[in-house]
Amino acid sequence: MLNKNQFFVLAGTCFLLLIPLIGMQFTNEVNWSVFDFILMGALLLGLGFTSEFIFRKITHKTYKLGLIVLLVIVFLLIWVELAVGLFNSPFAGS
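Residue numbers for the sequence shown follow our numbering, beginning at 7 and rising by one.
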């Protein structure tokens with residue numbers, strides 16, 4: 007059973023994934039495949055549920071802040087690499 011915070015993570019992920027879905031209806035510049043939605047959904051859910059776990063289990067404020075900052079940096083680096091291939095890794099398909 008999901009608690010209140012986990013429900014908000016799930017609802018927030020669905021809401022964020024609606025943005026490109028709606029954008030695809032109005033312009034050809036937004037062109038996501040099903041795989042893109044699955045991958046971004048997994049990244050957002052991973053970020054959200056891991057953040058919720060850190061907020062729930064870690065009591066020391068400095069460790070909590072450091073872990074959340076590290077988690078967001080890793081998320082942003084993966085997102086940028088998948089979006090534009092900034093580092094030219096095979097991970098992004100370049």
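The beta carbon of each residue, even a glycine, is placed where N, CA and C say it ideally should be.
The DSSP-derived three-state label of W85 is helix.
In the DSSP assignment, P96 falls outside any alpha helix (DSSP H), carrying neither H nor E. With a contact defined as Cβ atoms closer than 8 Å, W85 and L49 qualify at about 7 Å. Sequence-distant Cβ neighbours of T56 in its own chain, meaning closer than 7 Å and more than five residues away, are L77. A straight-line Cα-Cα distance of about 11 Å links E58 and K70. In this structure L53 is buried. Its beta-carbon is surrounded by 16 or more other beta-carbon atoms within 10 angstroms. In this structure, V36 sits near G29, with a CB-CB distance shorter than 8 Å. Residue environment for V90: exposed (fewer than 16 other C-beta atoms within 10 angstroms of its C-beta). Rounded to whole angstroms, the gap between the alpha carbons of K10 and I60 is 15 Å.
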